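Okay, so here's the structure we're looking at.
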Amino acid sequence: MSLLRVESLSKSFGGVHAIEELSFEIKPGTIHSVIGPNGAGKTTLFNLITALYKPTTGKIFLADQDINGKKPYQLARLGMSRTFQNLQICMNMTAVENVMVGRHLHLNSNFLCAMFRLPQVVNGDRACREKAAGLMEFVGTGKYVHADANAMPYGALKRLEIARALAAEPKILLLDEPAAGLNASETGEIDQLIQKIAETGVTVVLVEHDMKLVMHISDYLLVLNFGKKLAEGTPDEIRANPEVIAAYLGTS
Amino acid sequence: MVAKLANSRYGGMAVLVLVITLLPLLLPNPYYYDVVIHIGISAIVVVGLNLLVGYAGQISLGHGGFFGLGAYTTGILTAHYGWPSLLALLAGVLLVGSLAFLTARPILRLSGHYLAMATLGLGIIISIVISTEDWITGGPDGMSVPPFQLFGWQVYGEKIWYWIIGGLLLLSIWLALNIIDSPAGRALRAVHGSEIAAQVVGVDTVHYKVLLFVVSAVFASIMGSLNAHYAGFITPNQAGFFHSIELVTMVVLGGMASTFGAVIGAAILTLLPQLLSGFEDWEMVIFGLILMLTLIFMPKGLVPTITAMLKGNAK
Numbered sequence: 160m161s162l163l164r165v166e167s168l169s170k171s172f173g174g175v176h177a178i179e180e181l182s183f184e185i186k187p188g189t190i191h192s193v194i195g196p197n198g199a200g201k202t203t204l205f206n207l208i209t210a211l212y213k214p215t216t217g218k219i220f221l222a223d224q225d226i227n228g229k230k231p232y233q234l235a236r237l238g239m240s241r242t243f244q245n246l247q248i249c250m251n252m253t254a255v256e257n258v259m260v261g262r263h264l265h266l267n268s269n270f271l272c273a274m275f276r277l278p279q280v281v282n283g284d285r286a287c288r289e290k291a292a293g294l295m296e297f298v299g300t301g302k303y304v305h306a307d308a309n310a311m312p313y314g315a316l317k318r319l320e321i322a323r324a325l326a327a328e329p330k331i332l333l334l335d336e337p338a339a340g341l342n343a344s345e346t347g348e349i350d351q352l353i354q355k356i357a358e359t360g361v362t363v364v365l366v367e368h369d370m371k372l373v374m375h376i377s378d379y380l381l382v383l384n385f386g387k388k389l390a391e392g393t394p395d396e397i398r399a400n401p402e403v404i405a406a407y408l409g410t411s
Numbered sequence: 519m520v521a522k523l524a525n526s527r528y529g530g531m532a533v534l535v536l537v538i539t540l541l542p543l544l545l546p547n548p549y550y551y552d553v554v555i556h557i558g559i560s561a562i563v564v565v566g567l568n569l570l571v572g573y574a575g576q577i578s579l580g581h582g583g584f585f586g587l588g589a590y591t592t593g594i595l596t597a598h599y600g601w602p603s604l605l606a607l608l609a610g611v612l613l614v615g616s617l618a619f620l621t622a623r624p625i626l627r628l629s630g631h632y633l634a635m636a637t638l639g640l641g642i643i644i645s646i647v648i649s650t651e652d653w654i655t656g657g658p659d660g661m662s663v664p665p666f667q668l669f670g671w672q673v674y675g676e677k678i679w680y681w682i683i684g685g686l687l688l689l690s691i692w693l694a695l696n697i698i699d700s701p702a703g704r705a706l707r708a709v710h711g712s713e714i715a716a717q718v719v720g721v722d723t724v725h726y727k728v729l730l731f732v733v734s735a736v737f738a739s740i741m742g743s744l745n746a747h748y749a750g751f752i753t754p755n756q757a758g759f760f761h762s763i764e765l766v767t768m769v770v771l772g773g774m775a776s777t778f779g780a781v782i783g784a785a786i787l788t789l790l791p792q793l794l795s796g797f798e799d800w801e802m803v804i805f806g807l808i809l810m811l812t813l814i815f816m817p818k819g820l821v822p823t824i825t826a827m828l829k830g831n832a833k
């Protein structure tokens with residue numbers, strides 16, 4: 160059984176075919192990476208999978224359920240969570256509150272209950288704050304638990320996004336370039352973090368430019384070029400694929 | 519220490535309780551009570567509006583309209599049809615709440631400043647209807663409203679209204695603080711911070727924006743109704759565009775996303791026209807100027823800026 164299945168998916172913006180006739184499957188419990196040169200359609204693919212874009216044609220199934228017509232918040236209920244290439248942190252909130260937003264689906268979010276501060280809401284929030292602080296510790300931003308989000312450095316914010324995504328307790332986590340803009344040692348830490356997440360049973364889908372990172376941690380790779388599937392397979396298979404070498408690494 | 523007090527939820531409330539309790543000692547005559555009551559009424563509307571504008575980042579230019587609609591519902595039902603005050607107030611809440619819901623539902627699906635445009639139009643329509651339907655509203659001349667009656671008890675006079683409005687102000691602040699510090703409140707603040715991030719963790723952002731819009735409109739409607747009873751006379755100006763701008767200016771000046779700032783903003787902008795009574799014609803210009811200067815030099819508003827300064831000094 161596949162956790163995520165994409166069937167002949169296409170997306171065009173005007174005359175530009177960002178994704179063309181793409182099909183693939185992601186099995187539960189794996190780290191699956193999507194790689195490809197700039198403009199290959201990786202982020203577009205992520206935005207299609209998380210329903211931020213509507214496909215032009217084709218279908219996407221999450222746990223055998225067609226996501227066509229679903230809103231992003233409904234996908235979160237089905238167990239999907241993601242991070243963004245360009246940070247989407249709420250700078251008007253504290254760091255820990257950002258992560259607490261991630262717990263939204265697991266809390267009593269009723270407006271009236273909140274208004275009158277029912278004990279259920281207060282207790283839920285207290286537990287939520289502890290859980291969020293624990294997650295910040297888990298992703299390595301423990302020292303910022305009491306900080307405002309806008310006082311945190313870039314690298315820590317990237318991790319904070321991961322913590323928020325994890326707070327939703329997803330079955331499948333999509334990470335859009337988690338190592339972009341990070342230095343070598345930070346990238347190494349992200350590498351470890353992703354493996355740690357995968358060990359907890361979360362299926363990880365990764366878009367990443369850092370080839371070393373991708374080859375090291377992925378179980379499977381999907382290589383895109385101009386919106387089409389160029390190759391698919393284990394890191395070893397991809398490394399040996401002449402078409403990939405030509406498109407991604409350049410012919411010499 | 520002051521900054522710490524201003525930050526904690528009950529610290530600020532305690533200060534306000536103290537101010538409300540002690541203020542009557544400083545008020546020499548009914549005129550001063552009247553000014554303070556007007557501050558309180560605006561402050562409650564602004565506390566509600568601040569939830570929408572300051573915390574969720576949605577602009578409404580129609581809250582004057584909701585205030586006026588509440589006022590006229592109360593005025594018409596009590597003066598012409600002899601309804602009990604409380605029932606008329608609830609009718610206003612129902613009317614304004616449904617109108618806000620019906621306006622917001624289609625518009626808040628879109629992102630951007632469509633809500634500002636739509637509420638601007640809605641506010642103007644409400645004030646035009648009130649002005650033209652003079653057979654029941656009295657038209658531009660306004661209409662008289664009988665005093666508030668509750669189970670045969672008549673609420674009359676500045677001193678009683680002072681305590682009623684003071685109590686309601688505390689209640690509204692308590693409700694607002696409760697909302698902000700809850701899962702629903704975080705979801706709303708996340709809508710401001712990053713709507714897309716809120717959505718992907720499961721927040722139905724449209725639902726929350728609509729709900730909050732309705733809640734803040736209801737705040738305005740209730741105060742419109744009470745103000746009608748208190749003042750005993752209402753005019754279409756209360757529903758006008760200028761009143762809406764005034765309310766937004768109070769939010770911005772006092773401090774976006776600062777509940778106590780809403781009170782300060784309401785106080786300053788209610789007192790200002792009293793002090794500048796010779797410059798009546800310039801009122802709108804002065805308000806515009808305040809809005810602009812605040813946004814340029816103090817974009818976070820008074821209370822957050824001062825709190826940050828105090829925090830800085832404390833370190």
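First to last, the sequence lines map onto chains H and F. According to my numbering, the stretch in the first sequence is residues 160 to 411, in order. According to my numbering, the stretch in the second sequence is residues 519 to 833, in order. Quick reminder that beta carbons are idealized off the backbone N, C-alpha and C, glycines included. From a predicted model like this one, the values you see are computed outputs, not experimental measurements.
Non-local beta-carbon contacts of ALA199/H in its own chain, meaning distances under 6 Å to residues more than five positions away in sequence, involve LEU383, ASN384 in chain order.
The region 759–770 of chain F makes contact with the region 555–572 of chain F; the number of CB pairs closer than 8 Å reaches 3 or more. The beta-carbon of SER712/F is placed less than 8 Å from the nearest beta-carbon of chain H. The beta-carbon distance between ALA273/H and PRO701/F, rounded to whole angstroms, is 7 Å. This is short enough to meet the 8 Å contact definition. With the criterion set as a beta carbon lying under 7 Å from some beta carbon of chain H, the members of the region 682–710 of chain F are LEU693, ASN696, ILE697, SER700, PRO701, ALA702, GLY703, ARG704, ALA705, ARG707, ALA708, HIS710, in sequence order.
Per DSSP, reduced to three states, the secondary structure at GLU798/F is helical. The three-state reading of DSSP puts LYS230/H in coil, since its state is none of H, G, I, E or B.
Under the DSSP definition of a beta bridge, GLY392/H partners with LEU380/H. Between the C-alpha atoms of GLN354/H and PHE297/H there is a straight-line separation of about 12 Å. ALA315/H and VAL366/H have their C-alpha atoms spaced approximately 19 Å apart. Annotation: the continuous alpha helix (DSSP H) that includes LEU695/F extends over 676–698. For ASN227/H, no chain F residue has a Cβ inside 9 Å of its Cβ, as the nearest lies near 17 Å away.
Between PRO664/F and VAL673/F, the C-beta spacing is not below 8 Å.
GLU320/H counts as buried, since no fewer than 16 other beta carbons sit within 10 angstroms of its beta carbon. Under the criterion of beta carbons closer than 8 Å, LEU372/H and PRO394/H do not qualify as touching, at roughly 11 Å. Chain H places a beta carbon closer than 8 Å to that of VAL718/F, counting this residue as a contact. Collapsing the DSSP output to three states places TRP653/F in a helix. If you look at THR216/H, you'll find it in the beta strand (DSSP E) that goes 216–221. DSSP lists no bridge partner for LYS727/F.
Look at LEU163/H here: in three-state DSSP terms it is strand. Note on geometry: alpha-carbon atoms of GLY711/F and LYS818/F lie some 15 Å from one another. Shown here, GLU180/H sits in a strand according to DSSP, grouped into three states. Only exposed fits LYS302/H, as fewer than 16 other CB atoms lie within 10 angstroms of its CB. Of all C-beta pairs linking the region 767–782 of chain F to the region 610–627 of chain F, fewer than three are shorter than 8 Å, placing the two stretches out of contact. Its chain contains GLU256, ASN257, VAL260, ALA308 as the residues whose beta carbon lies nearer than 8 Å to that of CYS249/H, once the 5 sequence neighbours on both sides are disregarded; these appear in chain order.
Residue environment analysis places THR591/F among the buried positions, since at least 16 neighbouring C-beta atoms fall within 10 angstroms of its C-beta. Taking 8 Å as the cut-off, the Cβ atoms of GLY582/F and GLY720/F do not count as close. Exclusion of the five residues before and after ARG262/H leaves CYS287, LYS290, ALA291, ALA326, ALA327 as the residues of its chain whose Cβ lies within less than 8 Å of its Cβ.
Between the region 606–615 of chain F and the region 539–546 of chain F there are fewer than three C-beta pairs closer than 8 Å, too few to call the two in contact. Straight through space, the alpha carbons of ASP722/F and ALA177/H are spaced by roughly 28 Å.
Judged by beta-carbon spacing, PRO754/F lies within the 8 Å limit of SER649/F, meaning their Cβ atoms are closer than that value. Runs of beta strand (DSSP E) with 3 or more residues, each lying fully within the region 540–608 of chain F, are absent. Interface with chain F (8 Å Cβ-Cβ cutoff): LEU332/H is excluded.
In this structure, the beta-carbon distance from GLN756/F to ALA589/F falls below 8 Å. The DSSP-derived three-state label of ARG288/H is helix.
Interface flag for TYR232/H against chain F is set, since a Cβ pair is found closer than 8 Å.
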